[in-house]
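Okay, so the sequence shown: first residue is 627 according to the working numbering, each after it adds one.
All C-beta atoms in this analysis are idealised placements derived from N, C-alpha and C, irrespective of residue type, glycine included.
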Amino acid sequence: MGREWELSFRLGMHPWIIVAYSAPIAAATA
């Protein structure tokens, strides 16, 4: 059960990680 919660938590955080990493790069290359 803990593993399923961790998986769902990581899947929920993944889009925010992408935004956090891509935003500075997009701003620098724009």
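In this model, A652 and S634 are separated by some 28 Å (Cα to Cα). Going by DSSP, A646 is part of the alpha helix (DSSP H) stretching over G628 to T655.
Straight through space, the alpha carbons of W642 and A656 are spaced by roughly 20 Å.
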